[in-house]
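Participant: Before we start, here is the structure in question, set down as structure tokens.
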Amino acid sequence: MEKQNKRLKVQHAKPDGPAQNIKEVIASINAAPQEVGAGEEQKEEPPIEHREIRIKFRSAEGEEMGDEIMIDSRTSKVELNKILDQIMQPDEKQVYQFFVDESQEVRESIGKAMDRVQREAEKAAKDKKSRDAAKKMFSGETVVTLTYKPEAMFRIRPITRASSTLEGHSEAVLSVAFSPDGKQLASGSGDTTVRIWDLQTETPMFTCEGHKHWVLFVSFSPDCTKIASGGMDHNIMIWNAETGEQLGKPLKGHKNFITCMAWEPLVASFESRKLASSSKDQCVRIWDTFNQTCLRSLTSHTASVTKVLWGGEGLIYSSSQDRTIKVWHADEGMMTQELKGHGHWVNTLALSTDYVLRTGCFDHTKNEFADNKAMQKYAIERYEKVKDPLGERLVSGSDDLTMFLWQPKQGNKNVARMTGHQGLVNMVAFSPDSFYFVSASFDKSIKLWDGRTGKFLTTFRGHVQSVYQIAWSTDSRMIVSGSKDSTMKVWDVEKRKMMFDLPGHADEVYAVDWSPDGEKVASGSKDRMLRIWRN
């Protein structure tokens, strides 16, 4: 054992202090019986030969932590957490997930994760030279970078069954949205109504009538008190979420149908007062929902505006069929950046902070607050934990089959250009922890990407027609998708495979949302039904 421990060295270690403790942790790990896993994973993967590995830790934000160290290939996730604790010396202990090559999670041992990375590289190799290089990718003095990120404090159970079918709409259900606190659900339909549903009893609470054409989009305010709905009648209406009553007069000004809406987030204002809307009329408008007036009209796009997002840094982002993404100063209404690169319509956008901005102050630990200022304070705390030090990241998807990853605060140049889809990119969505994003396409597939670098990770296949909608579970471990093929499917991000096929709708699935508490998924379909799915 003494001979073995001599080989496990901390590079540049000091004789005492944290580095000495790291040595002791590694030595104790090496002396203990090694767990090689059991059950399904053990059957899937071949035994790992004992070898020493030189590693370094790097945070999901790209910051390197500590010096290089030598460890045993059989070192487990639990043991890696012990080593990282000794390096970081945190005030409060945190459980981390670890990834080799930013793609394969260390589930049992670092050696097994490395073997999976190597096998994937060999499979992807197109010639003998590339295959030989893949076989040697971890040989010799290679330093393996272990990316770590905090593990979600709770684990969401997968959705497996339809618990109820909510009837009431007389035409297709086109949009569904859970309230930020997860207590209510709103739906918009081709029957021109908005319905508000009680999730405790899974029954309708209110039917909101006022639109003259299809309701294309519904969205709850950050404080859960209001619902905005936008339709093909060019109008936006604001509803009281507690009574279903219309608040004030319709917001009129757009000259074509409404494509998207975004509330000013709680981190920017505790009032839940301002709303941004995009339209086919080439315009983005900012509204004061208290007095139903248009505060700003953002008119630089030259074709239909497909998506609008309100970020946490005082910026509004819009995508358009004019092939550009524009960044606007929310208060002044001035365009600050124009992001170019796509060769066709830009269909969709997603922000790395989307989830935490949408849920604001509401999470699995806290749902009651003294007032709106207390809500804002907690929302800011949550936002700061997720926000990238270099600013919010943005991903765009296009009819040109590509996506771009942007970091607008760092300039107009894209971080990465992503290809691989064989059909138009219909939707993109960042995971709640911003570590990943997914793309849904008319090529029937969903692709998973690294949220920081844009690196391709895997393709989820199973749908037999276009994928319309995707939504993440709160713990960033699962995705649910809705398709033209009338099915929903649940995908496991860690194991990169389908978990459950959820038939039930009789026609195309147009709308999908996963509740903030993780317990429910709502889906809306051309079959006029709204379904609630649970574990």
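Here the UniProt record's numbering is used: the first residue of the sequence shown is 1, the next is one more, and so on.
Each residue gets a CB set at the ideal place from its N, CA and C atoms; glycine is no exception.
#1: Judging by CA-CA distance, which residue of Y436, G462, R461, K444 is the nearest neighbour of D450?
#2: How would you label A330, buried or exposed, when you count the other beta carbons within 10 angstroms and need 16 or more for buried?
#3: Closest to V95 by C-alpha separation, out of E102, S221, K82, would be which residue?
#4: Touching or not, the region 519-527 and the region 168-177, by the rule of three or more beta carbon pairs under 8 Å?
#5: The beta strand (DSSP E) that contains Q184, what's its start and end?
#6: Compare the C-alpha of L424 against each of F430, L405, I446, D433 and name the closest.
#7: Give me the Cα-Cα distance between N535 and V521, rounded to the nearest whole angstrom.
#8: Less than 7 Å between the beta carbons of residue 549 and A162, yes or no?
#9: Report all residues from its chain with a CB closer than 7 Å to the CB of D101; omit the five preceding and five following residues, and keep chain order.
#10: Expressed to the nearest angstrom, what Euclidean distance is found between the alpha-carbon atoms of T306 and N426?
#11: According to DSSP, is T359 part of a helix, a strand, or is it coil?
#12: Tell me whether A124 sits in a helix, a strand or coil according to DSSP, three-state version.
#13: Would you grab the beta carbon distance between Y468 and V509 for me? Rounded to a whole angstrom, and I think it's under 8 Å.
#14: Of all the options K123, P389, T453, H342, which has the alpha carbon lying nearest to the alpha carbon of L401?
#15: Looking at the unbroken beta strand (DSSP E) that takes in E68, where does it start and where does it end?
#16: T458 bridges to which residues according to DSSP?
#17: Taking contact to mean at least 3 C-beta pairs separated by less than 8 Å, is the region 184-196 in contact with the region 204-211?
#18: Would a C-beta distance cut-off of 7 Å place E319 and V356 closer than the cut-off?
#19: Could you tell me which whole beta strand (DSSP E) segments of length 3 or greater appear in the region 295-333?
#20: Identify, in the order they occur along the chain, each residue of the same chain with its Cβ nearer than 6 Å to the Cβ of W533, setting aside the five sequence neighbours on each side.
#21: Suppose contacts are defined by Cβ-Cβ distances below 7 Å. Is K251 in contact with Q292 by that definition?
#22: Check the DSSP bridge columns for L146 and list the partner residues they point to.
#23: Going by alpha carbons, who is nearest to P222 out of P265, A241, A228, N235?
#24: Would you grab the beta carbon distance between F178 and D513 for me? Rounded to a whole angstrom, and I think it's under 8 Å.
#25: Taking only three categories from DSSP, how would you classify A133?
#26: Using the DSSP secondary-structure output, state which residues sit across from W287 in a beta bridge.
#27: Below 8 Å, can you find three or more Cβ-Cβ pairs linking the region 376-391 to the region 294-305?
#28: Provide the residue span of the beta strand (DSSP E) that contains A228, from first to last.
#29: Shorter than 6 Å, the distance from the beta carbon of L146 to the closest heavy atom of the ligand FMN, or not?
#30: Over what stretch of residues does the alpha helix (DSSP H) that includes I258 continue unbroken?
#31: Indicate whether G454 and M418 have their beta-carbon atoms separated by less than 7 Å.
#32: With H, G and I counted as helix, E and B as strand and the rest as coil, what does DSSP make of A379?
#33: How big is the Cα-Cα spacing for Y317 and W406?
#34: Locate the beta strand (DSSP E) running through V346, then write down its first and last residues.
#35: Helix or strand or just coil, what does DSSP make of E384?
#36: Taking just the CA atoms, how far does R393 sit from N414?
Facilitator: On the basis of the coordinates in this document:
#1: The option with the nearest alpha carbon to D450 is Y436.
#2: Of the residues assessed, A330 falls on the buried side of the cut-off, its CB having 16 or more other CB atoms within 10 angstroms.
#3: In terms of Cα proximity to V95, the closest of E102, S221, K82 is K82.
#4: By the criterion of at least three beta-carbon pairs nearer than 8 Å, the region 519-527 is in contact with the region 168-177.
#5: Unbroken beta strand (DSSP E) run through Q184: 184-189.
#6: Closest by alpha carbon: I446.
#7: Each residue's Cα considered, the two are about 10 Å apart.
#8: The requested residue 549 does not occur in the structure, where the chain is confined to residues 1 to 535.
#9: So the qualifying residues of the chain are V117.
#10: The straight-line gap from Cα to Cα measures roughly 11 Å.
#11: Looking at T359 - three-state DSSP - the assignment turns out to be helix.
#12: If DSSP states are grouped into helix, strand and coil, A124 belongs with the helices.
#13: Going by Cβ atoms, the distance from Y468 to V509 rounds to 6 Å, so yes, they are a contact pair.
#14: Among K123, P389, T453, H342, the Cα nearest to that of L401 belongs to H342.
#15: 64-72 is the extent of the beta strand (DSSP E) around E68.
#16: In the DSSP output, where bridge partners are listed per residue, T458 has L448.
#17: Judged by Cβ distances under 8 Å, the region 184-196 makes contact with the region 204-211, as three or more pairs qualify.
#18: Here residue 319 is Ser; the residue named in the question, Glu, does not match the sequence. Their beta carbons are not under 7 Å apart, which means S319 does not touch V356 by this criterion.
#19: The qualifying runs are 305-310, 315-320, 325-329.
#20: Cβ neighbours of W533 beyond the five flanking positions: I159, A162, V521.
#21: According to the sequence displayed, residue 251 carries Leu and not Lys. A contact, by the Cβ cut-off of 7 Å.
#22: In the DSSP output, where bridge partners are listed per residue, L146 has F57, V100.
#23: Taking only the C-alpha atoms, the option nearest P222 is P265.
#24: That pair is a contact at about 5 Å.
#25: Helix.
#26: Beta-bridge pairing links W287 to L275, C294.
#27: Taking 8 Å as the limit for Cβ pairs, the verdict is that the region 294-305 does not touch the region 376-391.
#28: For A228, the uninterrupted beta strand (DSSP E) run begins and ends at 226-231, by DSSP.
#29: As far as ligands go, the structure on display features none, and thus does not contain the ligand FMN.
#30: No alpha helix (DSSP H) contains I258, which is instead part of the beta strand (DSSP E) from 258-263.
#31: For G454 and M418, yes; Cβs fall inside 7 Å.
#32: The answer is helix: DSSP assigns A379 an H, G or I state.
#33: Using only the alpha carbons, I get a separation of about 12 Å.
#34: Its beta strand (DSSP E) spans residues 346-351.
#35: E384: helix per DSSP, three-state reduction.
#36: For N414 and R393, the distance between alpha carbons rounds to 10 Å.
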